[in-house]
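As structure tokens, the structure follows; a few thoughts come after it.
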Amino acid sequence: MLKLVGSDIYLSVLEKEHCRQVWEGFEYDFEAKTEPLHMGHSVCKSESWFDEIQKVQGEKHIRLGIFLNNDDTVIGDVALQDIDWKNRSCSIGLGITKKEFRSKGYGTEAVIIMLEYGFNNIGLERIFANTLEQNKGAQKALEKSGFILEGRERKAVYFAGQRWDRLNYAILREDFIPTNKKRE
Ligand SMILES: CC(C)(COP(=O)(O)OP(=O)(O)OC[C@H]1O[C@@H](n2cnc3c(N)ncnc32)[C@H](O)[C@@H]1OP(=O)(O)O)[C@@H](O)C(=O)NCCC(=O)NCCS
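In my numbering, the protein residues as written are 990 to 1173.
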């Protein structure tokens, strides 16, 4: 079973029970009463999510759980998504389920472990990520992992009753500093 170990967390396969915990426990950090939110609403949906993961795992996506090294708690998920094997590129997405586990460096570490896997194990050359302008946590995690801001799609997303810019980040294999090299 795939297990990628970092200093505080490891990434590994999400079993049904992990999907339930991530899905049911997800805490949004915004108010969006009119949005069709998906996570957190039903156990049944968490099971469909698990099934969807299995259908595309290893081909279109590689989605792994984020687990704490000290007690194996699942605290989120991270994925290489829509892998374009011909052009060797994909996007990355992640979520730390509960607020109590955010801003502790786990998101950044999960991104770095996934980048290392994508560049060194499966031969990717470019990994990109899109986020909204108000998502400061995501921007910081991406920038600390070595992503470069390539573009800004002005007012591209209508969300929570407002229009937001979408920021386009990317990192190339040659930009990436492996964790065994010194990192600031
Ligand atoms: C975005 C997310 C994945 C970042 O993971 P994380 O574990 O919280 O990130 P890190 O602890 O590695 O933090 C990166 C930095 O951003 C800061 N940060 C995190 N959330 C923040 C927020 N809401 N506002 C301002 N800064 C924030 C952290 O304090 C940290 O700063 P530091 O480097 O000065 O210590 C996580 O906050 C999350 O899951 N949010 C909800 C889902 C989501 O937005 N997913 C990403 C969609 S693109």
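Ideal Cβ positions, reconstructed from N, Cα and C, are used throughout, including at glycine. Bear in mind that the values here come from a model prediction, so they are computed numbers and not experimental data.
Quick check: the Cα distance between residue i and residue j, rounded to an integer number of angstroms?
i            : j            : result
residue 1040 : residue 1144 : 34 Å
residue 998  : residue 1038 : 23 Å
residue 1173 : residue 1079 : Low local confidence applies: a pLDDT of 40 at residue 1173 is under 50, so the model's placement there is unreliable, and no value is given.
residue 947  : residue 1132 : A query on residue 947 cannot be resolved here, the shown segment of the chain reaching from 990 to 1173 and no further.
residue 1070 : residue 1049 : 6 Å
residue 1126 : residue 1092 : 8 Å
residue 1171 : residue 1141 : Low local confidence applies: a pLDDT of 42 at residue 1171 is under 50, so the model's placement there is unreliable, and no value is given.
residue 1130 : residue 1042 : 24 Å
residue 1152 : residue 1146 : 6 Å
residue 1046 : residue 1150 : 34 Å
residue 1075 : residue 1036 : 31 Å
residue 1077 : residue 1012 : 30 Å
residue 1107 : residue 1148 : 31 Å
residue 1128 : residue 1068 : 17 Å
residue 1100 : residue 1018 : 20 Å
Quick one: measure Cβ to Cβ for residue i and residue j, integer angstroms, because I've assumed they're closer than 8 Å.
i            : j            : result
residue 996  : residue 1098 : 7 Å
residue 1193 : residue 1155 : As shown, the chain starts at 990 and ends at 1173. That puts residue 1193 outside it, with no answer to give.
residue 1016 : residue 1088 : 5 Å
residue 1066 : residue 1003 : 6 Å
Please name the residue, chosen from the options, that lies closest to residue i on a Cα-to-Cα basis.
i            : options                : result
residue 1073 : 1113, 1065, 1127, 1067 : 1113
residue 1136 : 1153, 1148, 1161, 1151 : 1161
residue 1008 : 1018, 1103, 1056, 991  : 1056
residue 1163 : 1105, 1031, 1004, 1155 : 1105
residue 1034 : 1010, 1018, 1047       : 1010
residue 1032 : 1062, 1067, 1014       : 1014
residue 1095 : 1075, 1134, 1012       : 1134
residue 1062 : 1159, 1090, 1045       : 1090
Measuring CB to CB, does residue i end up less than 9 Å from residue j?
i            : j            : result
residue 1166 : residue 1111 : no
residue 1081 : residue 1064 : no
residue 1083 : residue 991  : no
residue 1116 : residue 993  : no
residue 1138 : residue 1109 : no
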